[in-house]
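Trainee: Before I ask anything, let me first share the structure, which is written out below as structure tokens.
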Amino acid sequence: MSKSIIRVEALHKSYVNGKNSLHVLKGLTMNIQEGEMVSIMGSSGSGKSTLLNVLGILDNYDAGSYHLDGIPITRMNETKAARYRNQYIGFVFQSFNLISFKNAVENVALPLYYQGVSRKKRNDLALEYLGRMGLREWAHHLPSELSGGQKQRLAIARALISKPKMILADEPTGALDSQTSREVMELLKEVNQTGIAMVIVTHENEIAAQTRRIIRLRDGIIESDEVNADFQTLPNT
Ligand code: ADP
Ligand code: MG
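In this text, residue positions in the sequence shown follow numbering that gives the first Met the number 0: the first is 0, and each later residue adds one.
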């Protein structure tokens, strides 16, 4: 029996600005199982990032429910939200969100710093994850010295270091050329094959085509939620 890592029911969210209110998520219901690889597609403005922010406990919702690994996620203080994020979720963003004045190993080690892990231990682990992403020789370089693909691999290493159950990726290839995008997608697939659920927001068909399941958003509702017929699993290595 597989278990839901994400269970969302009748989820609503509006942005309120003074007298104006914009209803963005209009009753979404979906389940994502542990270890699944899913893309969330939709045109610009359809609410993809809003949904991902709610799933990542970076923002609140107004109505409905969200369970993360069976835990009800309701309005909670930032300390508690941060604890759940640390325990369950790795984030990957289009713009990498690296700290420009910290080198690669420090960027990767940062989540462990917040968990109170000793410097020696977090640096050793960060080097191990950098190695897995093929960035060992870049450990002491600043993000500005890395290519776009290397920056995203660095961000993936940072997302993995706290051993999350799921990665939430918002347009992870949005700032990359097509060859580099393919490499980053291969890496995300490999990560998924280690049992970590992967939720990838994208507006690109070529990216969604590489996930096993595609959820399409349109005007704040789920237009379709289908197993991708073209999906091919990686050969076992
Ligand atoms: P997508 O990621 O699919 O492009 P978003 O979730 O970013 O869409 O945005 C959905 C809608 O909500 C858009 O109309 C956007 O302008 C609006 N929006 C997003 N964030 C905010 C915010 N913080 N305040 C007000 N409106 C917002
Ligand atoms: Mg977006």
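The beta-carbon is built from N, C-alpha and C at its ideal position, and this holds for glycine as well. Remember, predicted model here, so these are calculated numbers, not experimental data.
Is LEU187 closer than 8 Å to LEU51 when the C-beta atoms are compared?
Mentor: No, they are not a contact pair.
Trainee: Leaving out five residues on either side along the sequence, give the residues of the same chain with a beta carbon under 8 Å from the beta carbon of SER223.
Mentor: So the qualifying residues of the chain are ILE213, ILE214 and ARG215.
Trainee: Examine the ligand ADP and report whether any of its heavy atoms sits within less than 7 Å of the Cβ of SER94.
Mentor: No, the ligand ADP has no heavy atom inside 7 Å of this Cβ.
Trainee: Nearer than 7 Å: is that true of the beta carbon of LYS47 relative to any heavy atom of the ligand ADP?
Mentor: Yes; taking the cut-off as 7 Å, the Cβ of LYS47 has a heavy atom of the ligand ADP nearer than that.
Trainee: Under the criterion of a Cβ to heavy atom distance below 7 Å, does ASP218 qualify as lining the ligand MG?
Mentor: Incorrect: ASP218 has no Cβ contact closer than 7 Å to the ligand MG.
Trainee: Among GLY69, TYR60, GLY89 and GLY173, whose alpha-carbon lies nearest the alpha-carbon of VAL190?
Mentor: Residue GLY89 is the option with its Cα nearest to VAL190.
Trainee: Under a three-way DSSP split, which group does LEU175 fall into?
Mentor: LEU175 falls in the coil class under three-state DSSP.
Trainee: With a threshold of 7 Å, establish whether the CB of GLU35 neighbours any heavy atom of the ligand MG.
Mentor: GLU35: no, Cβ never under 7 Å from the ligand MG.
Trainee: Is TYR113 buried or exposed, if buried means 16 or more other CB atoms sit within 10 Å of its CB?
Mentor: By the 10 Å Cβ count, TYR113 comes out exposed.
Trainee: Is any heavy atom of the ligand MG found at a distance shorter than 7 Å from the C-beta of ASP169?
Mentor: ASP169: yes, Cβ under 7 Å from the ligand MG.
Trainee: Along the chain, which unbroken stretches of the alpha helix (DSSP H) at least 4 residues long are found entirely within the region 95 to 128?
Mentor: With a minimum length of 4 residues, the continuous alpha helix (DSSP H) runs that stay inside the region 95 to 128 are 103 to 113.
Trainee: Use the C-beta contact count for THR236: other C-beta atoms within 10 angstroms, 16 or more gives buried, fewer gives exposed.
Mentor: Interpretation of THR236 is limited by its pLDDT of 47, a score under 50 that renders its predicted location unreliable; the figure taken from the coordinates is listed afterwards. That one is exposed.
Trainee: Are at least three pairs of beta-carbons, each pair with one atom in the region 116 to 135 and one in the region 150 to 170, less than 8 Å apart?
Mentor: As far as the Cβ criterion goes, the region 116 to 135 touches the region 150 to 170, which means the pair count is three or higher.
Trainee: Indicate whether LEU21 and ILE220 have their beta-carbon atoms separated by less than 8 Å.
Mentor: Contact flag unset, no.
Trainee: I need the straight-line Cα distance from THR49 to LEU57, nearest angstrom please.
Mentor: Straight-line Cα distance between these residues: approximately 9 Å.
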